[in-house]
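Chemist: Residue numbers (my numbering): -16 to 482. Where is the CB? At the ideal position from N, CA and C, for every residue including glycine. Below you'll find the structure I mean.
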């Protein structure tokens, strides 16, 4: 019997009892074999993020968002996955999902906790060997209950790291043999291979996920022990393990974590610059030094690609990134990577990016227009400008309100212009599609946001930022209310001409 993918409960009720009375009935979706469905009730003002830990070889998207109200999110999936469900005001929660799962996520208005159902909340260890390693590790790493549990907060998540850990240095000094057993066991776990169980594919998939999680745990524990003991030999054993092969790094769910650790700790020897507001890691130096640590081959290639991506993330000058990209192409002649990288990070728009006069805007079709052209074309209309970016949580929170505001003023003498300050073109396009901006005429990527004298004169250092330009093309509100603020309507009415 063929599987029915989508079944509308409302339709069945209409057939059985008639549809004379109105009813609000939630659609039931039965997942296909290769997908998982999340039913989300978000009664807060901020988005819930659903993050999948994907491998670097996986082309599927990793992050999904659910905004205020009810939402149904259907996601392709081909094996058991680790999912982190997070919200900025409560502790993140981990789920283990597989194809065919239906998961309910409820976040009450108060946001005190997630209510989750329909998937695994834990995975048991692989047996006596893992239990033995856990017991050994607990001998040397002791929770320090004198302090409060540690937390990590960001725009989209709040993670409880538990109590601070202190090292049992006395035991290490008095029992070096047992400590060596612990290090040996953790390194062996990093090198442990998956055992394929013929004829039990589902069980084999879950065992593969367990091993992936245990390897990640072993990596984190070894790094913690190295950091606290300052024992360089631990790092050498980590980075000489079977973890560091091209195939494993590309296909592990946590391959990017392992590769990042190698570059920062082995190649750069842990050197970072914390003098600025954002920790700075010199991936230009890493690119230059990588051949001293990795032989020629696939692993060196992806490590160099990782360094190029990170150069953009750390906002290195475009001229310098272009020089490194040219060196990469001289070595690898990978036109597919070149096309993807230059398109994603706008390396074909150096001139427009470096210009200081005016504002250069990229359209979704790749063409560039100047902000002045928008003013000329729309003279006689009020212009409401929304400065945002894909990574800006407050910007994202405001998007449903922005849509409601557009709809309310759809027949008025006003246009809404959305200017993204993303460095990553693909991130802008994906976010614009996700938040309902991609179909709008005035959805742009601001190319010279950092260099524009107009932006600098307005002191746009943080986003979101909202501006209002009147019907004569004059900037009348340089710091207007956002769409969430009820006062924005009063302010717009002040400038919109009515017949």
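Which same chain residues end up closer than 6 Å to residue 183 when comparing Cβ atoms and leaving out the 5 residues on each side of it in sequence?
Modeler: Position 200 of the chain shown, counted from the start, is the residue given in the question as residue 183. With a pLDDT of 44 at residue 183, under the threshold of 50, the modelled position of that residue is not reliable, and no figure is offered here.
Chemist: Can you give the Cα-Cα distance for residue 201 and residue 439, rounded to whole angstroms?
Modeler: Start at 1 with the first residue of the chain shown, and residue 201 comes out as number 218. Start at 1 with the first residue of the chain shown, and residue 439 comes out as number 456. Whole-angstrom Cα-Cα distance: 47 Å.
Chemist: So is residue 340 buried or exposed if we call it buried at 16+ other beta carbons inside 10 Å?
Modeler: Taking the first residue of the chain shown as 1, we reach residue 340 at position 357. The residue in question, residue 340, is exposed, as its Cβ has fewer than 16 Cβ neighbours within 10 Å.
Chemist: Identify the continuous alpha helix (DSSP H) that holds residue 272 and give its terminal residues.
Modeler: Taking the chain shown and counting its residues from 1, the one referred to as residue 272 is at position 289. Run containing residue 272: 266 to 272, per the alpha helix (DSSP H) assignment.
Chemist: Where does residue 35 fall in DSSP's three states?
Modeler: Within the chain shown, the letter at position 52 stands for residue 35. Looking at residue 35 - three-state DSSP - the assignment turns out to be strand.
Chemist: Less than 6 Å between C-beta atoms, sequence neighbours within five positions excluded: which residues of the same chain meet that for residue 125?
Modeler: Locating residue 125 in the chain shown gives position 142, where the first residue counts as 1. 149, 151, listed in sequence order.
Chemist: Contact defined as beta carbons within less than 8 Å: I believe residue 407 pairs with residue 327. What is the distance between those atoms, to the nearest angstrom?
Modeler: Position 424 of the chain shown, counted from the start, is the residue given in the question as residue 407. Position 344 of the chain shown, counted from the start, is the residue given in the question as residue 327. Residue 407 to residue 327, Cβ: 6 Å. Contact.
Chemist: Name, in chain order, the residues that DSSP records as bridge partners for residue 85.
Modeler: Counting from 1 along the chain shown, the entry for residue 85 is found at position 102. Partner(s): 20.
Chemist: Apply the 10 Å Cβ neighbour rule to residue 481 and answer buried if 16 or more other Cβ atoms are within range, or exposed otherwise.
Modeler: Numbered from its first residue, the chain shown carries residue 481 at position 498. Its Cβ having fewer than 16 others within 10 Å, residue 481 is exposed.
Chemist: Look up residue 70 in the DSSP assignment and give the residues it is bridged to.
Modeler: Along the chain shown, one-based indexing puts residue 70 at 87. For residue 70, which the question treats as bridged, DSSP gives the partners 73.
Chemist: Could you check the C-alpha separation between residue 25 and residue 69 for me, to the nearest Å?
Modeler: Here residue 25 refers to the residue found at position 42 when the chain shown is read from its first residue. Here residue 69 refers to the residue found at position 86 when the chain shown is read from its first residue. Whole-angstrom Cα-Cα distance: 12 Å.
Chemist: Under the three-state reduction of DSSP, which class applies to residue 468: helix, strand or coil?
Modeler: Position 485 of the chain shown holds residue 468. Coil.
Chemist: Would residue 312 and residue 38 qualify as a contact pair, given that the criterion is a beta-carbon distance under 8 Å?
Modeler: By 1-based counting over the chain shown, the position of residue 312 is 329. By 1-based counting over the chain shown, the position of residue 38 is 55. Their beta carbons are not under 8 Å apart, which means residue 312 does not touch residue 38 by this criterion.
Chemist: In three-state DSSP terms, what is residue 236?
Modeler: Position 253 of the chain shown holds residue 236. Residue 236: coil per DSSP, three-state reduction.
Chemist: Which complete alpha helix (DSSP H) runs does the stretch 333 to 418 hold, if anything under 4 residues is left out?
Modeler: 333 to 337, 354 to 360, 376 to 391, 408 to 417
Chemist: Please list the terminal residues of the continuous alpha helix (DSSP H) segment that includes residue 296.
Modeler: The count along the chain shown starts at 1 and reaches residue 296 at position 313. Start and end: 281 to 296.
Chemist: Answer with buried or exposed for residue 302, where buried requires no fewer than 16 other C-beta atoms within 10 angstroms of its C-beta.
Modeler: On the chain shown, residue 302 is found 319 positions in, with the first residue counted as 1. By the 10 Å Cβ count, residue 302 comes out exposed.
Chemist: Cβ atoms of residue 307 and residue 329: under 8 Å apart, would you say?
Modeler: Start at 1 with the first residue of the chain shown, and residue 329 comes out as number 346. Start at 1 with the first residue of the chain shown, and residue 307 comes out as number 324. No, Cβ-Cβ distance for residue 329 and residue 307 is not below 8 Å.
Chemist: Quick check on DSSP: helix, strand or coil for residue 110?
Modeler: Along the chain shown, read from residue 1 onward, the residue named residue 110 stands at position 127. Residue state, collapsed to three classes: coil.
Chemist: Short of 7 Å in beta carbon distance, which residues of its chain neighbour residue 5, apart from the five on each side in sequence? Order them along the chain.
Modeler: Here residue 5 is taken as the residue at index 22 of the chain shown, counted from 1. The pLDDT assigned to residue 5 is 35, lower than 50, so where the model puts this residue is not dependable; a value taken from the coordinates is nonetheless given after this. Nothing meets the Cβ criterion.
Chemist: Could you tell me if residue 418 is buried or exposed, where buried requires 16 or more neighbouring beta carbons within 10 angstroms of its beta carbon?
Modeler: Numbered from 1 along the chain shown, position 435 holds the residue referred to as residue 418. Burial call: buried.
Chemist: Would you grab the beta carbon distance between residue 23 and residue 31 for me? Rounded to a whole angstrom, and I think it's under 8 Å.
Modeler: As a working mapping, residue 23 is identified with position 40 in the chain shown. As a working mapping, residue 31 is identified with position 48 in the chain shown. Indeed, because the Cβ distance is near 6 Å, the residues count as touching under 8 Å.
Chemist: Which word fits residue 144, buried or exposed, when buried means at least 16 other C-beta atoms lie within 10 angstroms of its C-beta?
Modeler: Taking the chain shown and counting its residues from 1, one reaches residue 144 at position 161. Under this definition residue 144 is an exposed residue.
Chemist: Any idea which residues DSSP pairs residue 448 with across the strands?
Modeler: One-based indexing of the chain shown puts residue 448 at position 465. In the DSSP output, where bridge partners are listed per residue, residue 448 has 370.
Chemist: Have a look at 255, 208, 36, 49 and flag the residue whose alpha-carbon is nearest the alpha-carbon of residue 123.
Modeler: Locating residue 123 in the chain shown gives position 140, where the first residue counts as 1. Here the closest residue by C-alpha is 208.
Chemist: Provide the residue(s) that pair with residue 78 in DSSP beta bridges, ordered along the chain.
Modeler: Here residue 78 refers to the residue found at position 95 of the chain shown. Its beta-bridge partners are 66.
Chemist: Residues bridged to residue 58 by DSSP?
Modeler: As a first step, residue 58 must be located in the chain shown, where it is residue number 75. Answer by DSSP bridge pairing, in chain order: 19.
Chemist: Would you call the stretch 101 to 121 in contact with the stretch 49 to 58, where contact means no fewer than 3 C-beta pairs closer than 8 Å?
Modeler: Of all C-beta pairs linking the stretch 101 to 121 to the stretch 49 to 58, fewer than three are shorter than 8 Å, placing the two stretches out of contact.
Chemist: Mark residue 466 as exposed unless 16 or more other C-beta atoms lie within 10 angstroms of its C-beta, in which case mark it buried.
Modeler: Translated into positions along the chain shown, residue 466 becomes position 483. With 16 or more other Cβ atoms within 10 Å, it is buried.
Chemist: By how many angstroms is the C-alpha of residue 394 removed from the C-alpha of residue 430?
Modeler: Working through the chain shown from its first residue, we reach residue 430 at position 447. Working through the chain shown from its first residue, we reach residue 394 at position 411. Rounded to whole angstroms, residue 430 to residue 394 spans 30 Å at the Cα level.
Chemist: Which residue from 139, 112, 400 puts its Cα closest to that of residue 423?
Modeler: If you number the chain shown from 1, residue 423 lands on position 440. Proximity to residue 423 across 139, 112, 400 peaks at 400, based on C-alpha coordinates.
Chemist: Is it the case that the stretch 152 to 170 contacts the stretch 95 to 105, given that we only count it when at least three CB pairs across the two stretches are under 8 Å?
Modeler: no
Chemist: Answer with buried or exposed for residue 64, where buried requires no fewer than 16 other C-beta atoms within 10 angstroms of its C-beta.
Modeler: Mapped onto the chain shown, residue 64 falls at position 81. Buried, because 16 or more other Cβ atoms sit within 10 Å of the Cβ of residue 64.
Chemist: Over what stretch of residues does the beta strand (DSSP E) that includes residue 307 continue unbroken?
Modeler: Counting from 1 along the chain shown, the entry for residue 307 is found at position 324. Counting along the chain, residue 307 falls outside any beta strand (DSSP E), though it belongs to the alpha helix (DSSP H) covering 301 to 315.
Chemist: Using a Cβ-Cβ cut-off of 8 Å (strictly less than) and excluding sequence neighbours within five positions of residue 62, which residues of its own chain qualify?
Modeler: Sequence index remark: in the chain shown, residue 62 carries index 79 (1-based). Correct list, in chain order: 81, 82, 188, 191, 192.
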